[in-house]
Structures are given as structure tokens and as C-alpha cells.
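In our numbering, the protein residues as written are 24 to 310. Glycine residues also receive a C-beta, built at the ideal position from the N, C-alpha and C atoms.
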Amino acid sequence: MARFTQVFIALLLSCSAGAKAAEPVDSVMTPIRPVESAYTIGFGSSHMADTYLSPLKYSGWGLSVNYSRRQAMKFNPEDWVMRLGLSVRADRAVNPARNATMWYGGIDFSWAMMRRWMLPSGFSAGIGPAAMFDAGCLYSARNGNNPASAKASVMIGAMGYAAWNGRIGRLPVTLRYTPVLPVGGVFFAPDYGELYYEIYLGNHSGLVHPAWWGNYFRLDNMLTADLHFGSTSLRLGYGCRIHTTRVNSITTRHFTHEAVIGISGQWLSLGGKYRPASAAKVISSRY
């Protein structure tokens with residue numbers, strides 16, 4: 024009996040040692056995918072027109088608070104990256120006579136999965152499918168019966184990027200251009216002159232419209248430069264948004280131009296008991 028107990032304990036110890044020895048191998052086989060996140064503020068000019076509220080164009084300023092996240096995809100980290108974007112903005116504009124004010128408040132969300140190609144001399148580029156959602160409201164206190172115009176859409180389209188990683192002098196820099204182009208989906212718009220009180224009472228017909236480039240066009244452009252000072256980077260950039268809709272004899276235009284400033288950085292996102300080995304391959308979404 025004592026002999027059997029000794030053999031059983033020896034087998035347990037050998038299995039435990041084998042499991043511990045296998046852990047570094049699994050860790051090496053699992054690549055590290057750092058998360059690149061950026062928090063920015065944008066400020067610039069805003070130009071708005073909505074014939075539901077007024078036939079005039081309003082011009083003023085716009086402010087946005089933005090978050091973006093990039094990471095190599097788990098299923099094929101070397102060739103595919105994902106980007107998530109979230110933006111909250113507020114705009115204030117006045118009419119040409121400067122005796123009426125229009126406000127806009129809204130939120131935008133986008134998610135994309137892009138196929139990327141590594142190019143010579145530090146360049147890379149990618150493109151892939153994207154999903155977008157936005158909701159907001161225009162408000163003009165001058166209007167009595169119809170002071171507000173609600174906006175909402177769910178779209179699918181494409182997102183791309185072109186980037187360069189290099190140095191300016193001794194400073195590491197990442198330059199990146201990211202366009203987002205919706206292609207199709209649905210968006211909300213009431214009939215011309217229809218009161219929102221009528222919608223509240225139950226008139227829900229004809230509020231959702233199929234979107235295509237003939238009645239809905241939007242193009243978001245973002246050009247950024249990340250100046251890498253250690254683990255944290257200073258992000259400087261320029262953003263431009265072109266957004267037009269035309270349905271039910273209602274035309275809406277919203278153009279913005281803004282300077283962008285904020286911080287960005289890369290860090291590891293580890294979950295569970297996973298601990299990467301020192302020899303694990305690092306696959307960045309930045310290059």
C-alpha cells in the first residue's frame with residue numbers, strides 16, 4: 024500500500040510539472056494585441072441648413088468630444104484591425120441677419136473592421152466594412168410650432184485609412200488619414216410641415232426612409248498626427264464632416280471644420296489568467 028501511494032504522488036507531481044512547463048509555450052503562441060485609444064476635443068466652424076425649420080443657412084461654431092479605439096483583430100491580427108469611434112458634439116449658429124440662433128446636439132458611433140497592408144518605408148493602408156449610428160436634434164427657438172428637427176440614422180458603409188510611421192528628427196510620429204463613407208441604410212425624417220405632436224398622437228407612417236447617395240450623403244474625414252512622447256502621445260489633427268439629406272421636400276445640410284487636440288496611447292488588455300511570455304509576438308494596430 025505504501026508503495027502504491029508513493030507511485031501515485033510521483034505521477035501527480037510529474038503532471039503538475041508538465042502543465043507548468045506548457046504555460047510559456049501557450050503564451051508564446053498567443054500574440055499580444057495592444058489597444059490604441061485616443062481622447063480628443065475638436066473646435067471649429069459649423070454651417071447648418073434645415074428647410075423644416077428655416078430656408079436660411081446658419082453659420083457659427085462647433086465643439087466635439089471624441090473617443091477612438093484601434094486593435095488588431097483576434098482571428099487574424101497581422102492582416103485585420105478594428106476601429107471603434109464615439110463622438111458627442113454641440114453646435115451653435117446664427118442666420119445671416121444675426122437675429123436668430125440654431126443649436127445642434129448629437130452623438131455618433133461607428134465600428135469598422137479593415138483589411139490592412141504593410142507597405143515599404145513605414146507606410147500602411149487599410150479598408151473594410153463599417154457600421155454607423157447617429158442621433159441628434161436641431162433646435163431654433165424662433166419657431167413657435169416646430170422649434171426642433173430630430174435626426175437619426177443607421178447606416179452601413181466603408182472605412183479606410185492611410186498611415187505613416189517614422190521620425191521627424193528624433194521624435195517618433197504617426198500620421199494617419201481616416202475617411203468614413205456610409206453607403207446605405209435607413210434614416211428618420213417627418214413630412215414637410217408635419218408637427219411632432221402629430222407623431223406623438225400616433226401618426227407614425229412615412230417616418231423611416233431607405234438611404235442611398237441620392238437622398239443621403241455623408242463623408243467624415245480625419246487627419247491626425249500622433250507625436251510619441253514615451254507611452255503617451257500628443258494627438259493633433261483636422262476633422263471635416265459633410266452631411267446632406269433630401270426627402271419629403273426637406274433638405275438638410277451640416278458641414279463642420281475643426282481643429283483636434285488630445286492624447287493617445289497603447290496599452291495591453293489582459294483578461295482572465297492569461298500572462299504573455301516575454302517572447303510573445305506584439306502585433307500593433309499602429310503599424
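Close beta carbons around residue i, own chain, < 7 Å, minus the five adjacent residues each side
i	result
R115	G83, W84, T124 and W126
W290	P57 and V58
G285	A61, Y62, T63, I64 and R258
Burial state of residue i, where buried means 16 or more other Cβ atoms lie within 10 Å
i	result
P143	exposed
Y75	buried
P170	exposed
L257	exposed
R139	buried
R93	buried
H277	buried
K97	exposed
H227	exposed
Pair within 8 Å by beta-carbon distance, residue i and residue j
i	j	result
F210	S172	no
G237	L204	no
A158	A135	no
T275	R264	no
G262	G108	no
P329	D243	Since the first residue shown for the chain is 24 and the last is 310, residue 329 is missing from the structure and cannot be characterised.
I273	Y215	yes
P119	L79	yes
A95	S308	yes
L87	E281	According to the sequence provided, residue 87 is Ser. The question's Leu does not apply to it. Taking 8 Å as the Cβ cut-off, S87 and E281 qualify as a contacting pair.
G149	V206	no
Nearest-angstrom Cβ-Cβ length linking residue i and residue j, presumed shorter than 8 Å
i	j	result
Y200	L246	5 Å
C160	G208	Actually they do not touch by this definition, with Cβ atoms about 19 Å apart.
M141	M182	No, M141 and M182 are not in contact; Cβ-Cβ is about 18 Å, not under 8 Å.
Chain-order list of residues whose beta-carbon lies under 6 Å from that of residue i (same chain, five-residue window excluded)
i	result
F6	Since the first residue of the chain shown is 24 and the last is 310, residue 6 is not available in this structure.
F132	L109 and F156
E217	none
N99	none
N89	T63 and S110
K174	G159
Own chain partners of residue i with C-beta closer than 8 Å, once the 5 adjacent residues on each side are dropped
i	result
G67	W84, G85, G262, T279, H280, E281 and A282
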